[in-house]
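Numbering (my numbering), first residue to last: 893 to 1049. Don't be surprised by glycine CBs; every beta carbon is placed ideally from N, CA and C. For clarity, every value in this text was computed on a predicted model and none was experimentally measured. First up is the structure itself, then whatever we jot down about it.
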Ligand SMILES: Cc1cc2nc3c(=O)[nH]c(=O)nc-3n(C[C@H](O)[C@H](O)[C@H](O)COP(=O)(O)O)c2cc1C
């Protein structure tokens, strides 16, 4: 498969997780283009990849003068806004989403829910269950196993 992996990170966990996804897929002979969300152009998404993987850490942002938990990282938040503004529709395009988070927050891993909404905005098709990863750097070995297993299921189609 020809796969585009778009990620957004604040403290590099989602980057490291994305590198693991990329390496796992490349080991299975898939082609993977990895891009940070602020480097993604509309044309990247219009190109017909066999699969687009979206990954974000879960963070807070100020909305209506209030700090709201459970949000996308800024770069993916801005990309989503750009796609909505452009009214981009990608029916028939396949997506998978994952988010890093921490279950000490009430809105655990809610960036994954925002990514599902983003795929729905685009009219795309989700081909795997959204993955929420808890405390990436605190339980890295377990999380790597979980992520590799999810990725292999993706690769198997
Ligand atoms: C200011 C701040 C806000 C956060 N908000 C949430 C949240 O609402 N929900 C959640 O599950 N995790 C939250 N987290 C935890 C991060 O998502 C988690 O540490 C993640 O691994 C960071 O990924 P990154 O290294 O790619 O930035 C927050 C962390 C910080 C520092």
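Residue j beta carbon less than 9 Å from that of residue i
| i | j | result |
| --- | --- | --- |
| residue 1020 | residue 1046 | yes |
| residue 936 | residue 976 | no |
| residue 987 | residue 1025 | no |
| residue 1003 | residue 1018 | no |
| residue 942 | residue 893 | yes |
| residue 971 | residue 925 | no |
| residue 1016 | residue 995 | no |
Spatial distance of residue i from residue j (CA atoms)
| i | j | result |
| --- | --- | --- |
| residue 1000 | residue 961 | 9 Å |
| residue 928 | residue 898 | 6 Å |
| residue 957 | residue 951 | 16 Å |
| residue 917 | residue 969 | 26 Å |
| residue 1043 | residue 913 | 6 Å |
| residue 909 | residue 939 | 24 Å |
| residue 904 | residue 945 | 17 Å |
| residue 982 | residue 1011 | 9 Å |
| residue 1029 | residue 1037 | 13 Å |
| residue 1048 | residue 973 | 32 Å |
| residue 906 | residue 1032 | 12 Å |
| residue 963 | residue 902 | 12 Å |
| residue 1051 | residue 1034 | There is simply no residue 1051 to check, as the chain begins at 893 and stops at 1049 in what is shown. |
| residue 932 | residue 948 | 14 Å |
| residue 1064 | residue 923 | Outside the shown range of the chain (893 to 1049) lies residue 1064, about which nothing can therefore be said. |
| residue 1041 | residue 920 | 13 Å |
Residue i burial status per 10 Å Cβ neighbour count (16 or more: buried)
| i | result |
| --- | --- |
| residue 984 | exposed |
| residue 1006 | buried |
| residue 954 | exposed |
| residue 934 | exposed |
| residue 900 | buried |
Local conformation of residue i per DSSP, three classes
| i | result |
| --- | --- |
| residue 1014 | helix |
| residue 1035 | helix |
| residue 901 | coil |
| residue 948 | strand |
| residue 986 | strand |
| residue 1028 | coil |
| residue 918 | helix |
| residue 938 | helix |
| residue 979 | coil |
| residue 931 | helix |
| residue 991 | strand |
| residue 906 | helix |
9 Å Cβ cutoff, residue i in contact with chain B
| i | result |
| --- | --- |
| residue 968 | Any reference to chain B falls outside this structure, which holds one protein chain only. |
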